[in-house]
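What follows is a short report on a single structure.
Residue numbers (UniProt numbering): 1 to 129.
Quick look at the structure:
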């Protein structure tokens, strides 16, 4: 449903006044989950590059434990980046029936991989076997 001209003018005025307030803008930016996710991804990318440097240095110096440590650092940073990306894409709020509820870990299925496959198999359309 489109806004009326009066509502649109009020909305534009509120938007301009909020954009001019640097304290409000920094408070909104600090509470924005996308900002935190982007920062975590940048940190993970830096640590991946650092781990790659350790792998290369360990290889050049023929120091196997240092190369393995660099690989482990890269692997951990990549896992952290994937977790951060997945968390940034999954919304914290979901609307069901007009009410917003916060999703928690306990609301997720605790079943393993095989249980999820079995659930998908049971929920498949009947014509496909």
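Glycine is no exception: its CB is placed at the ideal position from the N, C-alpha and C atoms.
Bear in mind the structure is a predicted one, so any value in this text is a computation, not a measurement.
Taking a contact to mean a Cβ-Cβ separation below 8 Å, would you say residue i touches residue j in this structure?
i	j	result
residue 81	residue 45	yes
residue 66	residue 58	yes
residue 71	residue 56	no
residue 47	residue 73	yes
Quiz item: How about the stretch 33-43 and the stretch 75-85: do they share at least three Cβ pairs that are nearer than 8 Å?
Solution: yes
Practice problem: Inspect the CB distances between the stretch 6-24 and the stretch 48-58 and report whether three or more fall short of 8 Å. | Solution: no
Quiz item: What are the start and end residues of each continuous beta strand (DSSP E) run of 3 or more residues lying completely inside the stretch 31-78, in chain order?
Solution: none
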